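First to last, the protein sequences are chains A and B.
One point on numbering: in the numbering used here, the residue at position 59 of the first sequence is 59, and numbering is uninterrupted.
One point on numbering: in the numbering used here, the residue at position 10 of the second sequence is 126, and numbering is uninterrupted.
Glycine is no exception: its CB is placed at the ideal position from the N, C-alpha and C atoms.
These figures come from a predicted structure and were not determined experimentally.
I have placed the structure first, in the form of structure tokens, so that the comments after it can refer back to it.
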Amino acid sequence: AQSVTQPDIHITVSEGASLELRCNYSYGATPYLFWYVQSPGQGLQLLLKYFSGDTLVQGIKGFEAEFKRSQSSFNLRKPSVHWSDAAEYFCAVGPILTGGGNKLTFGTGTQLKVEL
Amino acid sequence: EAGVTQFPSHSVIEKGQTVTLRCDPISGHDNLYWYRRVMGKEIKFLLHFVKESKQDESGMPNNRFLAERTGGTYSTLKVQPAELEDSGVYFCASSQEWTGRWTEAFFGQGTRLTVV
């Protein structure tokens, strides 16, 4: 069965510092890969996605993620964190198949706190 | 354009009672998904509608949960009778019809259900 592991439940960084959130997945084949963010009182928002091609993908709000097949990882990075990035971040995988592809398997989430 | 809207935002009910959650997808979106996050755990897929038909209900926990999407517009998720372990945040998402390419699913802000 597929699974997603986000080993860090909480992370605290200082504003302006770099950020890396880890994500490892277990899947039968290379799936679609996603990162979502949930800010307080908001729904989940898609940050970025990987389907194929260039393994470094750019997303919204200055985030990027790198797919490493050999490590089954899809870590999220940002060079300089802003206070508004404080939120919960979810890594997710989805099947590459017709009919949608939005039946997602999520990790447990990483809560990011930003210190001013 | 309005996003995915969920009602209520919070609900506190007693064990054994019935609760109905509602999701209004983005207008014109054929695909509608329900997910649930139990506290401290991952967000889990419950089911997927394509218009008014259940495409995949493999994630529904048991027969106390009933999802409907009459007319292919809004959807309801009824829990009857509610148990303590049903507490969590219920998310709804919608996406456009499948046309051979992946389309993004947009999430609502969730309904926080507490069973006491």
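Looking only at DSSP bridge pairs, what is residue i linked to?
{"i": "Gln38/A", "result": "Leu44/A and Glu88/A"}
{"i": "Asp8/A", "result": "Bridge partners of Asp8/A: none, in fact."}
{"i": "Lys194/B", "result": "Thr136/B and Leu182/B"}
{"i": "Leu163/B", "result": "Trp150/B"}
{"i": "Gln58/A", "result": "Glu64/A"}
{"i": "Ser3/A", "result": "Ser26/A"}
{"i": "Thr189/B", "result": "According to DSSP, which records beta bridges pairwise, Thr189/B is partnered with nothing at all."}
{"i": "Gly94/A", "result": "Tyr32/A"}
Shortest alpha-carbon distance to residue i belongs to which of the options?
{"i": "Arg152/B", "options": "Lys103/A, Ser52/A, Val57/A and Thr110/A", "result": "Lys103/A"}
{"i": "Pro177/B", "options": "Val154/B, Thr186/B, Gln133/B and Asp146/B", "result": "Val154/B"}
{"i": "Ser52/A", "options": "Gly43/A, Gln45/A, Ile60/A and Ala65/A", "result": "Ala65/A"}
{"i": "Pro7/A", "options": "Glu158/B, Asp146/B and Cys139/B", "result": "Glu158/B"}
{"i": "Gly94/A", "options": "Phe207/B, Cys208/B, Gly144/B and Glu220/B", "result": "Glu220/B"}
{"i": "Arg138/B", "options": "Lys194/B, Glu173/B, Lys167/B and Glu201/B", "result": "Lys194/B"}
{"i": "Thr227/B", "options": "Ala118/B, Val128/B and Arg217/B", "result": "Val128/B"}
{"i": "Ile9/A", "options": "Arg22/A, Trp83/A, Ala17/A and Glu15/A", "result": "Arg22/A"}
{"i": "Gly109/A", "options": "Glu88/A, Phe34/A and Leu116/A", "result": "Glu88/A"}
{"i": "Gln2/A", "options": "Tyr32/A, Gln38/A, Asn75/A and Gln45/A", "result": "Tyr32/A"}
{"i": "Tyr27/A", "options": "Ser72/A, Leu19/A and Phe63/A", "result": "Ser72/A"}
{"i": "Gly204/B", "options": "Ala118/B, Val120/B and His126/B", "result": "His126/B"}
{"i": "Leu148/B", "options": "Ser210/B, Gln133/B, Val232/B and Phe161/B", "result": "Ser210/B"}
{"i": "Lys49/A", "options": "Ser84/A, Gly41/A, Leu76/A and Arg69/A", "result": "Leu76/A"}
Quick one: give me the first and last residue of the beta strand (DSSP E) that residue i is part of.
{"i": "Gly204/B", "result": "Gly204 to Ser211"}
{"i": "Arg22/A", "result": "Per DSSP, Arg22/A belongs to no beta strand (DSSP E) and is neither H nor E."}
{"i": "Thr230/B", "result": "Thr227 to Val231"}
{"i": "Thr121/B", "result": "Thr121 to Phe123"}
{"i": "Gln171/B", "result": "Ser169 to Asp172"}
{"i": "Ile129/B", "result": "His126 to Ile129"}
{"i": "Glu15/A", "result": "Glu15/A -> no beta strand (DSSP E), and no H or E assigned at all."}
{"i": "Arg217/B", "result": "No beta strand (DSSP E) contains Arg217/B, which DSSP labels as neither H nor E."}
{"i": "Ser73/A", "result": "Ser73 to Lys78"}
{"i": "Thr110/A", "result": "Thr110 to Glu115"}
Please state whether DSSP places residue i in a helix, a strand or coil.
{"i": "Trp150/B", "result": "strand"}
{"i": "Pro52/A", "result": "The question names Pro, but residue 52/A in the sequence shown is Ser. Looking at Ser52/A - three-state DSSP - the assignment turns out to be coil, as it is neither helix nor strand."}
{"i": "Glu199/B", "result": "coil"}
CA-CA distance, residue i and residue j?
{"i": "Pro197/B", "j": "Thr30/A", "result": "40 Å"}
{"i": "Pro79/A", "j": "Leu182/B", "result": "45 Å"}
{"i": "Leu56/A", "j": "His145/B", "result": "30 Å"}
{"i": "Lys61/A", "j": "Lys131/B", "result": "42 Å"}
{"i": "Glu15/A", "j": "Gln58/A", "result": "21 Å"}
{"i": "Phe165/B", "j": "Ala17/A", "result": "42 Å"}
{"i": "Glu82/A", "j": "Glu168/B", "result": "Note on identity: in this sequence residue 82/A is His, with Glu being the wrong assignment. Approximately 42 Å, taken between the alpha carbons."}
{"i": "Arg217/B", "j": "Phe34/A", "result": "16 Å"}
{"i": "Thr12/A", "j": "Phe223/B", "result": "26 Å"}
{"i": "Asp54/A", "j": "Tyr190/B", "result": "38 Å"}
{"i": "Val135/B", "j": "Phe63/A", "result": "39 Å"}
{"i": "Ile142/B", "j": "Ala118/B", "result": "7 Å"}
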